[in-house]
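*Asks:*
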Amino acid sequence: ADAFFGAMTKDGVYLGTDASERWLRDDLRKWSKFAFERDTAWAFTASKRKIYFSENQKIAWFEEMLDTQMGTCRASGVLAKIGGVWKIKHYDLSIMVPNDLVPDFKKLVAMGGLPKSKKEQRAARKKKEK
-12 ADAFFGAMTK DGVYLGTDAS ERWLRDDLRK WSKFAFERDT AWAFTASKRK IYFSENQKIA
48 WFEEMLDTQM GTCRASGVLA KIGGVWKIKH YDLSIMVPND LVPDFKKLVA MGGLPKSKKE
108 QRAARKKKEK
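Heads up: the sequence shown begins at -12 in this note's numbering, then just goes up one per residue.
1. Assign Val0 to one of two classes, buried (16 or more other C-beta atoms within 10 Å of its C-beta) or exposed (fewer than that).
2. In chain order, what are the residue ranges of uninterrupted beta strand (DSSP E) at least 3 long that sit wholly in the segment 27 to 63?
3. Look at the alpha carbon of Lys35 and the alpha carbon of Leu53, and state the distance between them as a whole number of angstroms.
4. Taking the CB atoms as reference points, tell me whether Tyr78 and Leu11 lie closer together than 8 Å.
5. Relative to the C-alpha of Lys45, which candidate in Ile38, Gly58, Lys68, Ser63 has its C-alpha closest?
6. Just grab the DSSP bridge partners of Trp73 for me.
7. What is the residue span of the beta strand (DSSP E) that Gly(-1) lies within?
8. Arg25 lies in the beta strand (DSSP E); which residues open and close that run?
9. Going along the chain, which residues of its own chain have a beta-carbon closer than 7 Å to the beta-carbon of Phe40, five neighbours each way excluded?
10. Among residues of its own chain, excluding the 5 on either side of Ile38, which ones have a beta-carbon nearer than 8 Å to its beta-carbon?
11. Spatial neighbours of Glu107 within its chain, please: C-beta separation below 8 Å, excluding the five flanking residues on both sides.
12. Throw me the rounded Cβ distance for the Asp57 and Ile75 pair, which I believe falls under 8 Å.
Have a look at this one:
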């Protein structure tokens, strides 16, 4: 956990795959504590990565393809060089959905097969419990 969060700036933003997941670094650290108490929190392995630098070499941005437990994901981010160390200021993770599957995916979401947000997931669970 320390290595992961230590790689982010204090005001770093993490955008997860769920529409409700926009985390500031310290909020993400609190929320994900349970995951980092396990042997493996999340296993992401970069399969492709491209990095670009600003002219003054103080800002970089990247895009990467990831092999994850969710399948293939794409991430992009912005880094700032602070005190000679690169830190993540912004990270955006997304699940890849093949274009030809989008119509079926949209139907599944519309039918409630996949709730659109964590709030909706909680509401669906409460409804089932009644």
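A virtual CB, placed ideally from N, CA and C, is assigned to each residue, including glycine.
None of these values were measured; they are calculated from a predicted model.
*Replies:* Taking the structure as given:
1. Label assigned to Val0: buried.
2. The qualifying runs are 32 to 40, 46 to 55.
3. Looking at the two C-alpha atoms, the distance is approximately 7 Å.
4. Contact flag unset, no.
5. Taking Lys45 as reference, the option from Ile38, Gly58, Lys68, Ser63 with the minimal CA-CA separation is Lys68.
6. Per DSSP, Lys68.
7. Looking at the DSSP string, the run of the beta strand (DSSP E) that includes Gly(-1) is -5 to 2.
8. For Arg25, no beta strand (DSSP E) segment is defined, and its DSSP state is neither H nor E.
9. Excluding positions up to five away in sequence, the list reads Ala47.
10. Result list for Ile38: Ala47, Trp48, Phe49, in chain order.
11. The same chain holds no residue with a CB closer than 8 Å to that of Glu107 once the five nearest residues on each side in sequence are set aside.
12. Here residue 57 is Met; the residue named in the question, Asp, does not match the sequence. With a Cβ gap of about 20 Å, Met57 and Ile75 do not count as contacting.
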